[in-house]
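Visitor: Okay, so the sequence shown: first residue is 284 according to this note's numbering, each after it adds one.
For glycine and all other residues, C-beta sits at the position ideal for the given N, C-alpha and C.
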Amino acid sequence: MENNEKQLSKILNKKPTYREETNALICECLRNGFIEDLHSRISDEEMKKLMIETSANLEKKLIMKDKHPKEYKKFINFITLTYTKEWSTDLTEYELKEDRK
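(1) Can we say the stretch 291-305 touches the stretch 328-345, given the rule of at least three CB pairs closer than 8 Å?
(2) Quick check: what's the CA-CA separation for residue 300 versus residue 314?
(3) If we count the other Cβ atoms within 10 Å of its Cβ and call it buried at 16 or more, is residue 326 buried or exposed?
(4) Go ahead and label residue 323 buried or exposed: buried means 16 or more other beta carbons lie within 10 angstroms of its beta carbon, across all protein chains shown.
(5) Given a cut-off of 9 Å on the beta-carbon distance, is the pair residue 347 and residue 309 in contact?
(6) Please report the straight-line C-alpha distance between residue 371 and residue 363, rounded to a whole angstrom.
(7) So, is the C-beta of residue 306 closer than 9 Å to a C-beta in chain B?
What follows is the structure, encoded as structure tokens:
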């Protein structure tokens, strides 16, 4: 039992790779969100493609954030100005999936 606890502690405390980090974030923020309600309308193959593509793209952005922070800042500001400026930042506007339980 103690050996299992040490192994678990070691796993939980290691520095995740960029891909591990992105997979966890995509799982938590996208896969376990509203899209879960739509999953029955999306084939397993489509869902797999969506998750892999989204994780790969986010991984590239996290690497950019660490290795090229000035370019990352410009990228985020450009996307905000071009696409997401009107998106709600009010967390109370929609019920988060975790709040619906």
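Guide: The answer reads as follows:
(1) yes
(2) Position 17 of the sequence shown, counted from the start, is the residue given in the question as residue 300. Position 31 of the sequence shown, counted from the start, is the residue given in the question as residue 314. Cα to Cα, residue 300 sits roughly 20 Å from residue 314.
(3) Here residue 326 is taken as the residue at index 43 of the sequence shown, counted from 1. Residue 326 is exposed by the Cβ-count criterion.
(4) Stepping through the sequence shown from its first residue, residue 323 is reached at position 40. Flag for residue 323 reads exposed.
(5) As a working note, residue 347 is residue 64 in the sequence shown. As a working note, residue 309 is residue 26 in the sequence shown. For residue 347 and residue 309, no; Cβs fall outside 9 Å.
(6) Taking the sequence shown and counting its residues from 1, one reaches residue 371 at position 88. Taking the sequence shown and counting its residues from 1, one reaches residue 363 at position 80. If I take the Cα positions, the gap works out to 12 Å.
(7) In the structure shown, chain B does not exist; there is a single protein chain.
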